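The block underneath contains the structure these notes are about, expressed in structure tokens.
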Amino acid sequence: MSAIRFFHMADLHLDSPFKGLFGLPEHNFKKIRTSTFEAFNTIIDKAIQEKPDFLLIVGDIYDGENRSLQAQRRFQEAMEKLFQHNIPVILSYGNHDHLNGSWTRFALPSNVYELPAETSVVQLNIRGQQVNIYGFSYSERHVKESKIESYPIASDQHVLHIGMLHGSEFSDTTHAVYAPFTKEQLLERHYHYWALGHIHKRQLLHQNPPIVYPGNIQSRHRKEQGIKGFYDVTLSQASIELDFIPTSAVVYNTVEVDCKNMFHANELLKKCEEALSLNRQAYGASVVELHLKNIDEHASSLFEHATVDAWLETIREAEEGIEPMCWVQKLVLHTSSTLYEHTAATKSVANLMEQWDISAWKDILKDLYQHAGGARFIDPLTEQDIKALMHNAQELLAEEIQRT
1 MSAIRFFHMA DLHLDSPFKG LFGLPEHNFK KIRTSTFEAF NTIIDKAIQE
51 KPDFLLIVGD IYDGENRSLQ AQRRFQEAME KLFQHNIPVI LSYGNHDHLN
101 GSWTRFALPS NVYELPAETS VVQLNIRGQQ VNIYGFSYSE RHVKESKIES
151 YPIASDQHVL HIGMLHGSEF SDTTHAVYAP FTKEQLLERH YHYWALGHIH
201 KRQLLHQNPP IVYPGNIQSR HRKEQGIKGF YDVTLSQASI ELDFIPTSAV
251 VYNTVEVDCK NMFHANELLK KCEEALSLNR QAYGASVVEL HLKNIDEHAS
301 SLFEHATVDA WLETIREAEE GIEPMCWVQK LVLHTSSTLY EHTAATKSVA
351 NLMEQWDISA WKDILKDLYQ HAGGARFIDP LTEQDIKALM HNAQELLAEE
401 IQRT
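For the sequence shown, the UniProt record's numbering assigns the number 1 to the initial residue and increments by one for each residue that follows.
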């Protein structure tokens, strides 16, 4: 029997809102805002050009259960293009775009197989090779129970068996644990390939047979760093070939600049410019956290008379108009003992806290210090305590803004 070839992708999150970005020029924001569509178009164009036997999309095609009109229109148009080239698509819906949501419905063409809430099988015959593809769609947002027992054990090994599952290992708490499984449970099904979704980090859980998370096709925030994409898979009874294909329209990344023995502002700006230029050459359009490392006693003087916000805006101005874009989302200063983070979004709150004296802090914290049960366990408030509180509050605020 001949080998088959398919594309395995998951977590498209089309029309993701990209929260936590502030101060971008309009054209840069538009580039980021449409990046999920651009990444998806890259896949469709490659499929039309290279004509794999089919596509697998393992959950979370849309970012929300309401499935935005724009996202559905673009997805439907892409499926029509694949229909015109006789390329089947087998898809499931995940926790973000579950079947119980409310949306304006589009009719998908006949080349698209939408898996129902009950675990089902799609059978294809590809050049004489029968392929059975098993999977289900989420009936609601929270599928907490294991679904593995609903997948049949493969008995006919003349057939290629592929499992589709949008879920996570019992032990993986990086995402909400939905449709949990263990590797042993998957291996007990005796499938030739497990196409997973839900975890946005690309990873190979098992080599042979492959148990694969392709990750999402486009990063949506700073915690999803690096190049994203999908797997181009060639599978036969005797062999497996996995080829990762990048699709990121915008790459989230961390860029480091060594500030040791730096005395002048122009030195630092030149170093930042060079580092961002190298990042641009390597990754194209990107959103970066710029980390200034090894700030010694010489380099620290550069920040005595100019705020972190002033440095951030100056660096951004130097990058403005250069293509592909390299937007500095955050500037992080590292010294031997302290880590400072700041973005434009935290500026007003940080400035307000800096204006508070010890009396204001005591008034703000009075409920804590006047609590009958807990006050006796708390030491009197000091200037050092206030500095620590300000630092921790700014870090928490910055972290929360990026998370939302």
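Note that CB positions come from ideal geometry on N, CA and C, so glycine has one too. Note that the coordinates shown come from a computational prediction; the quantities given were computed from them, not determined experimentally.
Of the residues the options, the one placed nearest residue i, counting alpha carbons only
i           : options                   : result
R67         : D15, D363 and T254        : D15
Q218        : E26, F40, T314 and K30    : F40
Q76         : E354, G101, I44 and N95   : I44
D243        : G101, T234 and A249       : T234
Q123        : V131, P116 and A117       : V131
S286        : K330, K147, S236 and V212 : K330
A195        : V177, G215 and E188       : G215
E319        : L21, F22 and N28          : N28
L276        : R316, I245 and H206       : R316
residue 409 : T314, A393 and Q157       : Any answer about residue 409 is impossible in this case: the structure gives the chain only from 1 up to 404.
W103        : S92, F170 and G64         : G64
Q185        : E149, I199, S92 and A154  : E149
K144        : S110, Q129, L302 and F181 : F181
E38         : G59, H13, N279 and K19    : H13
R189        : M390, L82, A154 and A78   : A154
V255        : I245, E267 and R280       : R280
G23         : L389, D309, H334 and E297 : D309
V88         : L108, S2 and K201         : Here the sequence assigns Pro to residue 88, which means Val is not the residue at that position. Looking at the Cα atoms, L108 is the closest of the given residues.
E313        : I295, C272 and R220       : C272
R220        : S301, Y62, A3 and P25     : Y62
G135        : F106, N294, E80 and S146  : S146
P210        : K201, K223 and S239       : S239
Y193        : Q49, F170, G163 and Y178  : G163
Identified DSSP bridge partners for residue i
i           : result
K46         : BP columns for K46 are empty, so no partner.
T104        : Answer is none; T104 lacks a bridge partner.
Y191        : Its beta-bridge partners do not exist; DSSP assigns none.
Q72         : Per DSSP, none; premise fails for Q72.
G135        : S120
S92         : V58
V328        : V288
residue 405 : It is not possible to answer for residue 405, since the shown part of the chain is limited to 1 through 404.
residue 425 : The first residue shown for the chain is 1 and the last is 404, placing residue 425 beyond what the model contains.
K51         : Beta-bridge pairing links K51 to no other residue.
L14         : Y62
L196        : L165
Simplified DSSP assignment, three categories, for residue i
i    : result
S301 : helix
H27  : helix
A393 : helix
D309 : helix
A285 : coil
R5   : strand
N125 : strand
E354 : helix
T314 : helix
K362 : helix
E65  : coil
L82  : helix
E323 : coil
L186 : helix
L278 : helix
F377 : Confidence in F377 is poor, its pLDDT being 46 and thus under 50, which makes the residue's placement unreliable; the coordinate value appears in the next sentence. Helix.
Cβ of residue i within 7 Å of any chain C Cβ
i    : result
R316 : Of the protein chains in the structure, only one exists, and it is not chain C.
Proximity test, residue i beta-carbon vs the ligand HEM heavy atom, cut-off 6 Å
i    : result
V143 : For the structure depicted, the ligand HEM is absent and the ligand set is empty, with no information on it obtainable.
Could I get the ranges of all uninterrupted beta strand (DSSP E) runs contained in the segment 200–243, with 3 residues as the minimum, in chain order?
-> For the segment 200–243, whole beta strand (DSSP E) runs of length 3 or above, ordered along the chain, are 203–206, 211–213 and 229–235.
Segment contact flag, the segment 258–269 with the segment 221–238, C-beta cutoff 8 Å, min 3 pairs | No: the two stretches stay apart, fewer than three of their Cβ pairs being nearer than 8 Å.
Would you list, in sequence order, the uninterrupted alpha helix (DSSP H) runs of no fewer than 4 residues that lie entirely inside the segment 137–181?
-> If only complete runs of 4 or more residues are kept, the segment 137–181 shows no alpha helix (DSSP H) anywhere.
What are the start and end residues of each continuous beta strand (DSSP E) run of 3 or more residues lying completely inside the segment 242–273, in chain order?
-> DSSP runs (the beta strand (DSSP E)) wholly in the segment 242–273: 251–258.
Would the segment 357–365 and the segment 325–336 be scored as touching if the rule is three or more Cβ pairs under 8 Å?
-> Segments in contact, no.
With a cut-off of 8 Å, do at least 3 Cβ pairs link the segment 92–107 to the segment 139–154?
-> Contact holds: three or more Cβ-Cβ distances are below 8 Å.
Can you find at least 3 beta carbon pairs, one from the segment 19–37 and one from the segment 246–257, that sit closer than 8 Å?
-> The segment 19–37, when compared against the segment 246–257, does touch it at the 8 Å Cβ threshold.
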